[in-house]
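What follows is a short report on a single structure.
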Amino acid sequence: MEHMDARTAIGLGAASGPARIAGPGEAIGPDEAALAGRNHGLPLEALRYDITPPGLHYVLTHYDIPPGDSHAWRLTVGGLVEEPLSLDVAALRSFPTVTHRVTMECAGNGRGLLDPRPVSQPWLDGGVGTADWTGVPLHILLAVAGVRPGAAEVVFTGADHGVERGVEQDYQRSLPMAAAMAGDPEVLVAYAMNGSPLPPQHGYPLRLIVPGWYGMASVKWLRAIEVSAVPFEGYHQASSYVFRRSEDDPGTPLTRIRPRALMVPPGFPDFMSRTRVVRSGPVFLTGRAWSGHAPVASVEISSDDGRTWHEADLDAPGRHHWAWRSWRTVWTAAPGLHTLGVRATDTHGNTQPLRPEWNTGGYGNNAVQRVPVVCLDE
Ligand SMILES: Nc1nc2c(c(=O)[nH]1)N[C@H]1C(S)=C(S)[C@@H](COP(=O)(O)O)O[C@H]1N2
Ligand SMILES: [Mo]
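For the sequence shown, position 371 matches number 459 in my numbering, and the numbering has no gaps at all.
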């Protein structure tokens, strides 16, 4: 291939807009299957654990998992600061540390259920997980470096690198100063997940954790923190992760996680369709509910595809504001075919729609989960 054609093959230099939209009835192709294999979801039966066991937490990595040598790793804090820092992992761990239990969800969770489907990681509903993250509060590092007047944002850079929609780039995101300094609970530079060093796929040796925000804000393989006087306009900030109803909609950046409830699929599955099979009589239903806006206020269950609802029992709020809570109820199953649904509402009145809000990137689809169940008569 001649030089110009080679660049064109990956669209390099011809920055393009939002994701391609699949044609009517277009099946998932090898490109999406490759992404889905690399970026796995939470098997929904793992909703039963308070903390998602290692390997069952969802993973979303845009490019490659970079090599991470915790001895050679440096995290720099620079830009608009009095005293730039360059910390190795041991130096970072010498600061005061905290542990926060946080439910993280990919902003694209539910994308694969949209019709038509934006072509990208085709999540159904498993792009979520909960972990105990241990690290140094970001505001401590910023205080040590000394933020200078005029600071507007903090930009975070990961060590991974790739091409996306024609732009060669590092994975980078920013937070407004107020969000970066927030203290309830704090944004963390984390070095441990569930009490062990971060696994490679979750950011080893260091990552950001932004409680309550969709996952894209929690930059993995964190190597640089830069205080900036101007808003960051990088690809993952300004082009991607923006909720747009059409290509010419300026859109709204994705920030906090919309409310969602999911159930541990009841009974047992049919291998291919995943339809659930239960026997008639009382069926115990349980699952988790979360929102990044405000605590969950209620969880409701429907067994008639969203026509009628009744309230489930919800765990008392714990001390972890941004971690999922468990809920439970009993459903009396009668022989036949049913569609179960579950929806969460938070104390700000945010709730889940029955049908998704379509948008070009396939973000924030928190439509009610639909669980087809066959009830056998014996
Ligand atoms: N450096 C880097 N950080 C990243 C990403 C990435 O591709 N590179 N993906 C982001 C996205 S879109 C999500 S949803 C979360 C996923 O975190 P997890 O894989 O630990 O679940 O990481 C975020 N941080
Ligand atoms: Mo994501």
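Beta carbons are placed, not taken as given, at the ideal position from N, Cα and C, and that holds for glycine.
Name the residue from the options whose alpha carbon lies nearest to the alpha carbon of residue i.
i: ALA97; options: ARG253, TRP161 and ARG108; result: ARG253
i: HIS188; options: TRP412, ALA432, VAL251 and ARG416; result: TRP412
i: TYR259; options: LEU175, ARG311 and PRO293; result: ARG311
i: ARG346; options: TRP410, ASP157, SER361 and GLY113; result: TRP410
i: ALA270; options: PRO299, LEU144, THR448 and ALA102; result: PRO299
i: ALA239; options: VAL147, ILE313, GLY452 and ARG416; result: ILE313
i: ASP358; options: SER391, PHE331 and CYS463; result: CYS463
i: PRO444; options: ASN453, TYR329 and PRO288; result: ASN453
i: SER391; options: GLY406, ALA404 and THR417; result: THR417
i: GLU133; options: GLY217, GLY113, ALA110 and GLY369; result: GLY217
i: VAL384; options: ARG407, HIS436 and GLY339; result: HIS436
i: GLY101; options: VAL251, LEU180, ILE116 and HIS290; result: VAL251
i: ALA278; options: ARG295, GLU114 and GLY339; result: ARG295
Going by other Cβ atoms of all chains shown within 10 Å of its Cβ, with 16 needed for buried, is residue i buried or exposed?
i: ASP119; result: exposed
i: GLY214; result: buried
i: PHE320; result: buried
i: PHE244; result: buried
i: TYR146; result: buried
i: SER182; result: exposed
i: HIS159; result: exposed
i: MET89; result: Here MET89 scores only 48 on pLDDT, less than 50, and its place in the model should not be relied on; the value that follows carries that caveat. With fewer than 16 other Cβ atoms within 10 Å, it is exposed.
i: ARG236; result: exposed
i: TYR137; result: exposed
i: VAL365; result: exposed
What number of angstroms, rounded off, separates the C-alpha of residue i from the C-alpha of residue j?
i: ALA280; j: TRP161; result: 15 angstroms
i: VAL255; j: TYR323; result: 8 angstroms
i: LEU201; j: LYS308; result: 27 angstroms
i: ALA94; j: ASN127; result: 27 angstroms
i: THR427; j: THR439; result: 20 angstroms
i: ARG348; j: VAL232; result: 38 angstroms
i: MET192; j: SER414; result: 15 angstroms
i: LEU263; j: GLN257; result: 18 angstroms
i: GLY429; j: THR374; result: 12 angstroms
i: TRP211; j: GLY196; result: 7 angstroms
i: LEU226; j: ALA421; result: 50 angstroms
i: ARG367; j: GLY394; result: 22 angstroms
i: PRO341; j: ALA326; result: 8 angstroms
i: PRO354; j: VAL371; result: 8 angstroms
i: VAL459; j: VAL177; result: 45 angstroms
i: ALA455; j: ARG431; result: 8 angstroms
i: LEU350; j: HIS381; result: 17 angstroms
i: LEU229; j: VAL242; result: 12 angstroms
i: THR433; j: LEU163; result: 39 angstroms
Could you round the C-beta distance between residue i and residue j to whole angstroms and report it? I think they count as a contact, below 8 angstroms.
i: LEU173; j: VAL224; result: About 11 angstroms; that fails the 8 angstroms criterion.
i: PRO106; j: GLU335; result: 6 angstroms
i: ARG344; j: TRP301; result: 6 angstroms
i: TYR151; j: ASP248; result: 5 angstroms
i: LEU168; j: ALA268; result: 12 angstroms between Cβ atoms; not a contact.
i: ARG332; j: GLY449; result: 7 angstroms
Provide the residue(s) that pair with residue i in DSSP beta bridges, ordered along the chain.
i: ILE109; result: PRO206
i: ALA377; result: ALA349 and ARG413
i: GLU241; result: PRO264 and SER316
i: SER386; result: THR433
i: THR218; result: THR191
i: MET281; result: TRP221 and SER284
i: ILE297; result: LEU276
i: PRO460; result: THR427
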